[in-house]
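Per numbering that gives the first Met the number 0, the very first residue in the sequence shown carries number 0; after that it's consecutive.
Backbone N, C-alpha and C define an ideal beta-carbon position, used for all residues, glycine too.
Values in this document were obtained by computation on a predicted structure and should not be read as measured data.
What follows is a single structure, written as structure tokens, with notes after it.
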Amino acid sequence: MSANTLPELDRAFKSYASFVADFLAGQCDPAVAGQVVSVVAGLEEALHRQARDETEIELRLTDLETELVRRLEAIERTIAEALE
Numbered sequence: 000m001s002a003n004t005l006p007e008l009d010r011a012f013k014s015y016a017s018f019v020a021d022f023l024a025g026q027c028d029p030a031v032a033g034q035v036v037s038v039v040a041g042l043e044e045a046l047h048r049q050a051r052d053e054t055e056i057e058l059r060l061t062d063l064e065t066e067l068v069r070r071l072e073a074i075e076r077t078i079a080e081a082l083e
């Protein structure tokens, strides 16, 4: 597990926030449980957003690399033609 991923949840829970809500139900003051669930939901969303952003950056880097290779190949052809 990397810093921006979460381990798999049991299929009974759709999110870590729902897991925490279920875990804290009846164990502490509902207001406290609500605050904890809110924080967990915020952290979970931030991690998902970070993962999406990293994927988007990877895609942009791949596009940039492809464009650089295309340009380098064009330069190589131009040089080869000039040397003929």
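Self-check item: Asp28 in three-state terms, based on DSSP
Solution: In the sequence shown, the residue the question calls residue 28 occupies position 29. Note: Asp28 maps to coil in three-state DSSP.
* Hey, Ala11 and Val36 are a contact pair by Cβ (cut 8 Å); roughly how many whole angstroms apart? -> By 1-based counting over the sequence shown, the position of residue 11 is 12. By 1-based counting over the sequence shown, the position of residue 36 is 37. Actually they are not in contact, since the Cβ atoms of Ala11 and Val36 sit about 16 Å apart, beyond 8 Å.
Quick check on DSSP: helix, strand or coil for Met0?
Indexing the sequence shown from 1 puts residue 0 at position 1. Below a pLDDT of 50, predicted positions are generally treated as unreliable, and Met0, at 43, falls in that range; no measurement from the model is reported.
**Request:** With Ser17 as the anchor, note down where its alpha helix (DSSP H) starts and where it stops.
**Result:** Stepping through the sequence shown from its first residue, residue 17 is reached at position 18. Annotation for Ser17: the continuous alpha helix (DSSP H) segment containing it runs Tyr15 to Leu23.
Requested in this report: Taking all protein chains shown into account, decide if Ala16 is buried (16 or more other Cβ within 10 angstroms of its Cβ) or exposed.
Outcome: For the purposes of this step, residue 16 is identified with residue 17 of the sequence shown, where counting begins at 1. Of the other Cβ atoms in all chains shown, 16 or more fall within 10 Å of the Cβ of Ala16; this residue is therefore buried.
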